[in-house]
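Right, one structure below, let's go through it.
Chains as they are written, first to last, in our numbering: chain U, 4 to 449; chain S, 72 to 229.
Here it is as structure tokens:
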């Protein structure tokens, strides 16, 4: 539904591929690229029309702020202070005076214009290489005014892609569990928000415990665990319609659900008589298949992006470790051999890495390893943190972190954090309440 | 599978006998033995002299001597009150990943269930519910609090 609202994205000028600015995202970027985000210019009658519809005084500046905040959060860019800008937005968009932008040390410049046309919002924007004095990209698109924040995210995605050579992750959403109340009686609700924390919405009321929501590949459906009627079961929720259903007819607890990469199956654990095994259920024909067969705990399954393999968590060696197997359950192979316990493996959307949680000597780590278990790299250490989820471009991980309480059991909090694959740019992700179990959507517009 | 279980249960009983004599020698440190909770702060009673819960070591699902004693008392009480059905609620501490802890809680509750069954309680009267780490009884972040939270609690269902 969301994606249908976008009407046109078109290139307004042919773009030649110059060898211009490039941002390397494979290293921790200690020198973020100085970029000037000139507010989108807007004529007075458009400004008034948007003010009426959106209750925003200047929608051009608002959209630019979204772009600016995204760029800053990425850690790769340093948006410059607008007070130093010498050129007015409407003139800069026509023909930037590169000397002026050079003077404030901008290396890249974004300009643009927003119009109110037939009750729609039309945006055009350009990306300029200041040093070369050249236009790098020019795009225009039209949408309903209410989508104005998404316009900012799409502009960021386009700029990010042009400058880094990889897809962005800004026009995305996060589904997570919102938490409130004392630690011994937490109230938990499903919640969804834009990647930058805007448009937060609760999807359940908090009457029953809910855990571990995960998006399907189109980000329209969510699978999660609910304790509805005190029967912990995997559920399926359609975000647009609000329709919910139990997945399968299992005589016991089902948990740890995820979608297959084609969205056709749900993979999950089913616990019975002290033994948890991994199962799949086909959402079309409802056929259930047992994938693992071992009297130990087998859980937290996650498919490789091509659907051919599954990584999962098992204690068959005596303690929690990470294993991979073919998607039919054959060729089970342990891949984690470092010191400590390993859990929550998640396969990167790029296919080359598995992110995990590690517990060693009383500390929790978020880390990554290659799919054969080599090249283990720990990104962050804390008192408690777990459950990484990949950004759709495989460059950022979001996870949750809990604080240690004092001797009286006070001071507990759970928050979402993100960190770059490089191990740099660790950030708190703001949520209106405490939060856990984040899952990152795919790119909503492609 | 079935035979396996019978064997396992038989072992538990033999082991229980052995361990009973051993426990008199081992020392208690405060409210914990090893890292298993041995105190009574959080314990409630199903009937006079019948504690409602048993405690586990970190990452373990093995029943301790004290746990088996508690469960034998519960079994006796259940035999006397044959109409009563129960839910065994399995829990883990906060020092583990959420999904693994759900499985661990289920395994702990089933350890208690298996033991009750060897003392003649029909599985029809027992259901199992794992809360993983979702319902700690002590909100502290210290070894003692964690030991109280690693538990299986027997709750009257009717």
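The beta carbon of each residue, even a glycine, is placed where N, CA and C say it ideally should be.
Distance, residue j Cα to residue i Cα
i	j	result
residue 286 (chain U)	residue 396 (chain U)	26 Å
residue 207 (chain U)	residue 257 (chain U)	19 Å
residue 98 (chain S)	residue 317 (chain U)	Note on residue 98 (chain S): pLDDT 41, under 50, position unreliable in the model; the coordinate value appears next. If I take the Cα positions, the gap works out to 34 Å.
residue 108 (chain S)	residue 118 (chain S)	21 Å
residue 430 (chain U)	residue 358 (chain U)	18 Å
residue 216 (chain S)	residue 127 (chain S)	12 Å
residue 46 (chain U)	residue 39 (chain U)	21 Å
residue 441 (chain U)	residue 124 (chain U)	32 Å
residue 413 (chain U)	residue 207 (chain S)	14 Å
residue 93 (chain S)	residue 247 (chain U)	Confidence is the limiting factor: at residue 93 (chain S) the pLDDT is only 41, short of 50, which leaves the residue's position unreliable, though a coordinate-based value still follows. Approximately 53 Å between the Cα atoms of the pair.
residue 249 (chain U)	residue 128 (chain U)	46 Å
residue 445 (chain U)	residue 133 (chain S)	43 Å
residue 312 (chain U)	residue 155 (chain U)	36 Å
residue 371 (chain U)	residue 270 (chain U)	22 Å
residue 108 (chain U)	residue 214 (chain S)	54 Å
residue 434 (chain U)	residue 76 (chain U)	15 Å
residue 85 (chain U)	residue 344 (chain U)	49 Å
residue 262 (chain U)	residue 223 (chain U)	12 Å
residue 331 (chain U)	residue 282 (chain U)	10 Å
residue 368 (chain U)	residue 96 (chain U)	46 Å
Beta-carbon proximity check, residue i vs residue j, cutoff 8 Å
i	j	result
residue 133 (chain U)	residue 79 (chain U)	no
residue 238 (chain U)	residue 221 (chain U)	no
residue 314 (chain U)	residue 322 (chain U)	no
residue 399 (chain U)	residue 421 (chain U)	yes
residue 117 (chain U)	residue 66 (chain U)	yes
residue 113 (chain S)	residue 195 (chain S)	no
residue 142 (chain S)	residue 202 (chain S)	no
residue 360 (chain U)	residue 182 (chain U)	no
residue 177 (chain S)	residue 274 (chain U)	yes
residue 226 (chain S)	residue 157 (chain S)	yes
residue 301 (chain U)	residue 320 (chain U)	no
residue 52 (chain U)	residue 92 (chain U)	no
residue 152 (chain U)	residue 69 (chain U)	yes
residue 123 (chain S)	residue 218 (chain S)	no
residue 419 (chain U)	residue 179 (chain U)	yes
residue 101 (chain S)	residue 410 (chain U)	no
Which listed residue (the options) has its alpha carbon closest to that of residue i
i	options	result
residue 379 (chain U)	U:409, U:426, U:333, U:335	U:426
residue 308 (chain U)	U:335, U:326, U:352	U:352
residue 153 (chain S)	S:200, S:166, S:206, S:192	S:192
residue 179 (chain S)	S:220, S:109, S:228	S:220
residue 448 (chain U)	U:136, U:158, U:52	U:158
residue 111 (chain S)	S:222, S:167, S:158, S:163	S:222
residue 401 (chain U)	U:140, U:217, U:137	U:217
residue 183 (chain S)	U:94, U:276, U:254	U:276
residue 141 (chain U)	U:245, U:130, U:252	U:130
residue 169 (chain U)	U:444, U:412, U:394, U:411	U:394
residue 438 (chain U)	U:355, U:230, U:186, U:373	U:186
residue 252 (chain U)	U:266, U:235, U:223, U:261	U:235
residue 296 (chain U)	U:334, U:310, U:260	U:334
residue 150 (chain S)	S:211, S:188, S:101	S:188
residue 355 (chain U)	U:139, U:424, U:443	U:424
residue 388 (chain U)	U:374, U:375, U:404, U:373	U:404
residue 173 (chain U)	U:72, U:324, U:364	U:72
Cβ-heavy atom distance, residue i to the ligand MG, below 7 Å
i	result
residue 185 (chain U)	Within the structure as shown, the ligand MG is missing, as the structure has no ligands at all.
The region 187-207 of chain S: positions lying closer than 9 Å to chain U by Cβ: The region 187-207 of chain S vs chain U, Cβ under 9 Å: 199, 200, 201, 202, 203, 205, 206, 207.
Interface positions of the region 244-270 of chain U facing chain S (Cβ-Cβ less than 8 Å), listed along the chain: Cβ contacts with chain S come from 255, 256, 258, 259.
Chain-ordered residues of the region 288-303 of chain U with a beta carbon less than 7 Å from chain S: For the region 288-303 of chain U, which is checked against every Cβ of chain S, the residues closer than 7 Å are 300, 302, 303.
Within 8 Å of chain S by C-beta, residues of the region 369-393 of chain U in sequence order: Of all residues in the region 369-393 of chain U, the ones placed with a Cβ closer than 8 Å to any Cβ belonging to chain S are 386, 387, 389, 390, in chain order.
Residues of the region 328-347 of chain U whose Cβ lies closer than 7 Å to any Cβ of chain S, in chain order: Correct list: 346, 347.
Against chain S: residues of the region 227-240 of chain U by CB proximity under 9 Å: Per Cβ criterion, the list reads 228, 230, 233, 234, 235.
Three or more C-beta pairs below 8 Å linking the region 68-84 of chain U and the region 153-167 of chain U: Output reads yes: the region 153-167 of chain U touches the region 68-84 of chain U.
Under 8 Å (Cβ pairs) to chain S, residues found in the region 151-173 of chain U: Going along the region 151-173 of chain U in chain order, one finds no residue with a Cβ nearer than 8 Å to chain S.
Inter-stretch contact (C-beta, 8 Å, three-pair minimum) for the region 49-65 of chain U and the region 197-204 of chain U: Judged by Cβ distances under 8 Å, the region 49-65 of chain U makes no contact with the region 197-204 of chain U, as fewer than three pairs qualify.
Stretch pair the region 87-104 of chain U + the region 175-195 of chain U: three plus CB contacts closer than 8 Å: No, they do not touch.
The region 289-296 of chain U contacting the region 164-176 of chain S, beta-carbon criterion three pairs below 8 Å: No: fewer than three Cβ pairs fall under 8 Å.
Near-chain U residues of the region 162-174 of chain S - C-beta to any C-beta below 8 Å: Within the region 162-174 of chain S, the residues whose Cβ lies closer than 8 Å to any Cβ of chain U are, in chain order, 165, 166, 167, 168, 169, 170, 171, 173, 174.
Short-range partners of chain S found in the region 182-204 of chain U, where Cβ spacing is below 9 Å: Residues passing the 9 Å Cβ filter: 185, 186, 187, 188, 189, 191.
Cβ-based contacts, 9 Å cut-off: residues of the region 272-285 of chain U near chain S: Listed by position, the residues of the region 272-285 of chain U near chain S (Cβ gap below 9 Å) are 272, 274, 275, 276, 277, 278, 279.
Residues of the region 208-227 of chain U with Cβ closer than 9 Å to any Cβ of chain S, in chain order: Those residues of the region 208-227 of chain U that come within reach of chain S (Cβ to Cβ, closer than 9 Å) are 212, 214, 215.
Against chain S: residues of the region 347-366 of chain U by CB proximity under 9 Å: Near chain S, meaning a CB-to-CB distance below 9 Å, the residues of the region 347-366 of chain U are 347, 360, 362, 365.
Residues of the region 313-325 of chain U with Cβ closer than 8 Å to any Cβ of chain S, in chain order: So the close ones are 316, 318, 322, 323.
Interfacial residues, the region 121-138 of chain S to chain U, with Cβ spacing under 9 Å: Against chain U - using a Cβ distance shorter than 9 Å - the residues of the region 121-138 of chain S are 130, 132.
Against chain S: residues of the region 125-138 of chain U by CB proximity under 8 Å: Listed by position along the chain: nothing, the set is empty.
Residues of the region 394-412 of chain U with Cβ closer than 9 Å to any Cβ of chain S, in chain order: Under the 9 Å Cβ criterion, the region 394-412 of chain U contributes 405, 406, 407, 408, 409, 410, 411, 412.
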